[in-house]
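If you're matching them up, the sequences are chains A and B in order. Going left to right, the first sequence walks through residues 1 to 340 as our numbering numbers them. Going left to right, the second sequence walks through residues 1 to 340 as our numbering numbers them. Just so it is clear, CB atoms sit at the ideal spot from N, CA and C, and this is done for glycine as well. Being a predicted model, the structure only gives us computed values, none of them experimental.
Protein chains: 2
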Amino acid sequence: MAASVAETGTGMKKVAILGGGGMIGQKLARHIAANGLGGQEATLHLHDIGFPPWPTDLPAPEERTGDIAAPAEAEWLAALAPDVIFHLAAVVSGEAEQDFEKGWRVNVDALRRILEALRAAHEASGGRYRPRFVFASSIAVFGPPFPEKIGDDFLCAPQTSYGAQKAIGELMVSDFSRKGFIDGIAIRLPTICVRPGKPNKAASGFFSSIIREPLAGQEAVLPVPDTVRHWHASPRAAVGFLTHAATIDLAALGSRRALNMPGVSCTVVEQIEALRRVAGEAAVARIRREPDPAIMAIVEGWPRDFAPERALALGFRAERDFEEIIRIHIEDELGGAIPG
Amino acid sequence: MAASVAETGTGMKKVAILGGGGMIGQKLARHIAANGLGGQEATLHLHDIGFPPWPTDLPAPEERTGDIAAPAEAEWLAALAPDVIFHLAAVVSGEAEQDFEKGWRVNVDALRRILEALRAAHEASGGRYRPRFVFASSIAVFGPPFPEKIGDDFLCAPQTSYGAQKAIGELMVSDFSRKGFIDGIAIRLPTICVRPGKPNKAASGFFSSIIREPLAGQEAVLPVPDTVRHWHASPRAAVGFLTHAATIDLAALGSRRALNMPGVSCTVVEQIEALRRVAGEAAVARIRREPDPAIMAIVEGWPRDFAPERALALGFRAERDFEEIIRIHIEDELGGAIPG
Numbered sequence: 001m002a003a004s005v006a007e008t009g010t011g012m013k014k015v016a017i018l019g020g021g022g023m024i025g026q027k028l029a030r031h032i033a034a035n036g037l038g039g040q041e042a043t044l045h046l047h048d049i050g051f052p053p054w055p056t057d058l059p060a061p062e063e064r065t066g067d068i069a070a071p072a073e074a075e076w077l078a079a080l081a082p083d084v085i086f087h088l089a090a091v092v093s094g095e096a097e098q099d100f101e102k103g104w105r106v107n108v109d110a111l112r113r114i115l116e117a118l119r120a121a122h123e124a125s126g127g128r129y130r131p132r133f134v135f136a137s138s139i140a141v142f143g144p145p146f147p148e149k150i151g152d153d154f155l156c157a158p159q160t161s162y163g164a165q166k167a168i169g170e171l172m173v174s175d176f177s178r179k180g181f182i183d184g185i186a187i188r189l190p191t192i193c194v195r196p197g198k199p200n201k202a203a204s205g206f207f208s209s210i211i212r213e214p215l216a217g218q219e220a221v222l223p224v225p226d227t228v229r230h231w232h233a234s235p236r237a238a239v240g241f242l243t244h245a246a247t248i249d250l251a252a253l254g255s256r257r258a259l260n261m262p263g264v265s266c267t268v269v270e271q272i273e274a275l276r277r278v279a280g281e282a283a284v285a286r287i288r289r290e291p292d293p294a295i296m297a298i299v300e301g302w303p304r305d306f307a308p309e310r311a312l313a314l315g316f317r318a319e320r321d322f323e324e325i326i327r328i329h330i331e332d333e334l335g336g337a338i339p340g
Numbered sequence: 001m002a003a004s005v006a007e008t009g010t011g012m013k014k015v016a017i018l019g020g021g022g023m024i025g026q027k028l029a030r031h032i033a034a035n036g037l038g039g040q041e042a043t044l045h046l047h048d049i050g051f052p053p054w055p056t057d058l059p060a061p062e063e064r065t066g067d068i069a070a071p072a073e074a075e076w077l078a079a080l081a082p083d084v085i086f087h088l089a090a091v092v093s094g095e096a097e098q099d100f101e102k103g104w105r106v107n108v109d110a111l112r113r114i115l116e117a118l119r120a121a122h123e124a125s126g127g128r129y130r131p132r133f134v135f136a137s138s139i140a141v142f143g144p145p146f147p148e149k150i151g152d153d154f155l156c157a158p159q160t161s162y163g164a165q166k167a168i169g170e171l172m173v174s175d176f177s178r179k180g181f182i183d184g185i186a187i188r189l190p191t192i193c194v195r196p197g198k199p200n201k202a203a204s205g206f207f208s209s210i211i212r213e214p215l216a217g218q219e220a221v222l223p224v225p226d227t228v229r230h231w232h233a234s235p236r237a238a239v240g241f242l243t244h245a246a247t248i249d250l251a252a253l254g255s256r257r258a259l260n261m262p263g264v265s266c267t268v269v270e271q272i273e274a275l276r277r278v279a280g281e282a283a284v285a286r287i288r289r290e291p292d293p294a295i296m297a298i299v300e301g302w303p304r305d306f307a308p309e310r311a312l313a314l315g316f317r318a319e320r321d322f323e324e325i326i327r328i329h330i331e332d333e334l335g336g337a338i339p340g
């Protein structure tokens, strides 16, 4: 099997981020622009349907706008021949549930076409080209009933089309890797919290908004009981997972190339107590309880805790507790201090 | 959600078997032609790339010849609007490994196109059409390391493209079922043994040939140590699994619609002892040990034992032991007596 170009190359590393205009994609891109990747300088190529403004103090990446499911985009990627490809482009859970065709087209067909284009590039290179391929999967691949902690050999039983599509993506990445066409890994991200920006309609949105809004002096709605337990990691941890996945030796993975990432398991009441310690009673008082049976029913089907032993053994790290997650939000999004 | 036509219809049940020309497909078709399905008479529609002669004493089915991955075949199926669809059509393990593109095209793309055509038919019917869809999956979805017995919540970690494609098929059948477009179930068949017919080049072929050939007075080669343990069921049991899957209420499955089927876990030496009890020392003497490291390496990655609790609770049944598997072969393939 040919060695990965990413492992043997010297000098500049060519890095593509599909979904590079999104929240995690932008954080990842800026981190790599500032720090390189795995101790090497990197040239950055971002793909998405659109991009926010790029910071003027960082070297500008290529920004390519297009529909990731269009054949021309897979051809662009294969012709670019990156050493490392991050695949973050996805139709998210709620939209994939509402627009069944779009979810399958973007989350499955686009990935399949990209992998086929990379296989063709691998073969055209006589087997020398074999990019590191980091696929952002999700704990949405799991469904209840759950054990107390989800272990590394627990089945995928998705409750949404998004989860099914991510599980299918993992199987494709694994098989194309087993055949040696790519050197792939799928990382199952926890719910990313505290998500910066405005409140959105995602069923999981409240996990972030009950922290973000009170810190910003605004009211937030809590639609579920305090006892709800869930699995979290910060945006900074997500960037760490992705860069670590891009640079470690994957031989130890064998043919199980989908990994549960570490995270913080905590209840809503533990989230609120952490907020109280960090920001005081006034912040907590801005959380308004407004039970929503529809959201509660969805959240019932979500994972609550994991024992991510393989990922920990490979050096993946998340936060120690939810208080650290809040402090990272204050550092990374609020300039290190609570407003007001 | 609309009730399944298969559950509410009276009179003739319309049954399609995709892959109806293969070994299991023919046994299933003849069983249904002779016995109906679930206590109802059935009209049979078989699809495959070719067919063996149909027995003259049974009502002749429709036999449609074509490439299951061609769009016209999915359209034919949706226009036919069967009450029950058995999907057995597949490129087998060895061929899917050698011809990567063909495996994905037939084992994944064809199924996806069929499910999309059935979804369109469901929607065109205002939600009334929702066929029972029985997908033949395989224990090839699993990969080592294994627990002593594989339980119902063990992960899919396929070691072959065939296994990956079957696992993807299961996820598609589950998600299309969750959305109510079909009423699907995926059953993971054990290795089918004793397979009738000539020896073939499949790595698993010896499990059948060390029984079949000696019973026919011919020599058979055993390429692995006596201690190899594997998971078997007879062709008759496979037909039973399929018809049971087509007729039971699937509500109890919830969203976990892929089921490990029951089987017989035994070692090669237990197979040979069973042969000795049924056919005597002369038959056993026709087994020639000829170790093959390549086959041994493949077989090392195969499941050895299961605890198929959900399937047993739903009434799926296999043989009690390997001796019963041999006696069924003698009854069904050799006219009830050992030749010679």
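Using a 10 Å radius around the Cβ and a threshold of 16 neighbouring Cβ atoms, would you call residue i buried or exposed?
i, result
"M172(A)", "buried"
"N107(A)", "buried"
"D183(A)", "buried"
"S177(B)", "buried"
"E213(B)", "buried"
"E319(A)", "buried"
"M288(A)", "According to the sequence as given, residue 288(A) is Arg; it is not Met. Answer is exposed; the Cβ neighbour count stays below 16."
"S125(B)", "exposed"
"E224(A)", "The question names Glu, but residue 224(A) is Val in the sequence shown. V224(A) should be labelled buried."
"A140(B)", "buried"
"E170(B)", "buried"
"A186(A)", "buried"
Just to confirm the assignment, what range does the alpha helix (DSSP H) spanning residue i have?
i, result
"E319(B)", "First-last for E319(B): undefined, no H or E at that position."
"F306(B)", "Per DSSP, F306(B) belongs to no alpha helix (DSSP H) and is neither H nor E."
"L77(A)", "P71 to L80"
"L222(A)", "First-last for L222(A): A220 to L222, but that is the beta strand (DSSP E), not the alpha helix (DSSP H)."
"S177(B)", "S161 to R178"
"I210(A)", "G205 to L215"
For the beta strand (DSSP E) containing residue i, list its first residue and its last residue.
i, result
"D183(A)", "D183 to L189"
"W231(B)", "R229 to A233"
"D48(B)", "A42 to D48"
"V15(A)", "K13 to L18"
"N341(B)", "Residue 341(B) is absent from the structure shown; chain B starts at 1 and stops at 340."
"A136(A)", "R132 to S138"
"R289(B)", "I287 to R289"
If we define contact as Cβ-Cβ less than 9 Å, is residue i a contact residue for chain B?
i, result
"L155(A)", "yes"
"L118(A)", "no"
"A164(A)", "yes"
"S209(A)", "no"
"S161(A)", "yes"
Does any C-beta atom of chain A lie closer than 9 Å to the C-beta of residue i?
i, result
"P158(B)", "yes"
"A313(B)", "no"
"L351(B)", "Because residue 351(B) is not part of the residues shown, which for chain B are 1 to 340, the question remains open."
"S234(B)", "no"
"R317(B)", "no"
"I168(B)", "yes"
"R229(B)", "no"
"L256(B)", "Reading off the sequence, residue 256(B) comes out as Arg, not Leu. Yes, R256(B) lies at the interface with chain A (some Cβ there is under 9 Å from its Cβ)."
"A2(B)", "Low confidence applies to A2(B): its pLDDT is 39, below 50, so where it sits in the model is not reliable enough to give any reading."
Using only the heavy atoms of the ligand GTP, determine whether one of them is closer than 8 Å to the beta carbon of residue i.
i, result
"A60(A)", "The ligand GTP is not part of this structure, which contains no ligands at all."
- Chain-ordered residues of the region 268-285 of chain A with a beta carbon less than 7 Å from chain B: none
- Task: Mind checking the region 173-188 of chain B against chain A and listing, in chain order, the residues whose C-beta falls within less than 8 Å of any C-beta there?
- Result: S174, D175, R178 and K179
- Would you check if the region 230-248 of chain B and the region 23-32 of chain B touch, i.e. whether three or more CB-CB distances between them fall below 8 Å? yes
- Message: Contact between the region 249-261 of chain B and the region 325-335 of chain B is defined here as three or more beta-carbon pairs at a separation below 8 Å; is this criterion met?
- Response: no
- Task: Taking 8 Å as the threshold, find out whether the region 63-73 of chain B comes into contact with the region 144-151 of chain A through three or more Cβ pairs.
- Result: Here the region 63-73 of chain B makes no contact with the region 144-151 of chain A; the two share fewer than three CB pairs at distances below 8 Å.
- Using a Cβ-Cβ cut-off of less than 7 Å, list which residues of the region 120-154 of chain B approach chain A; keep chain order. G143, D153 and F154
- Are there three or more Cβ pairs, one per stretch, closer than 8 Å when the region 242-254 of chain B is compared with the region 131-141 of chain B? yes
- Message: Across the region 201-218 of chain A and the region 199-209 of chain B, are there enough close Cβ pairs to call them in contact, namely three or more that are closer than 8 Å?
- Response: no
- Item | the region 159-169 of chain B touching the region 89-100 of chain A, judged by at least three CB pairs closer than 8 Å | no
- Query: Between the region 69-103 of chain A and chain B, which residues of the former have a C-beta closer than 8 Å to a C-beta of the latter?
  - Reply: F100
- Query: Any chance the region 98-112 of chain A sits against the region 37-44 of chain A, with 3 or more Cβ pairs inside 8 Å?
  - Reply: Short answer: they don't touch.
- Compile a chain-ordered list of the residues in the region 23-49 of chain A whose CB is closer than 8 Å to at least one CB of chain B. none
- Count the C-beta pairs between the region 261-277 of chain A and the region 302-315 of chain A that are closer than 8 Å, then say yes if the count reaches three, no if not. yes
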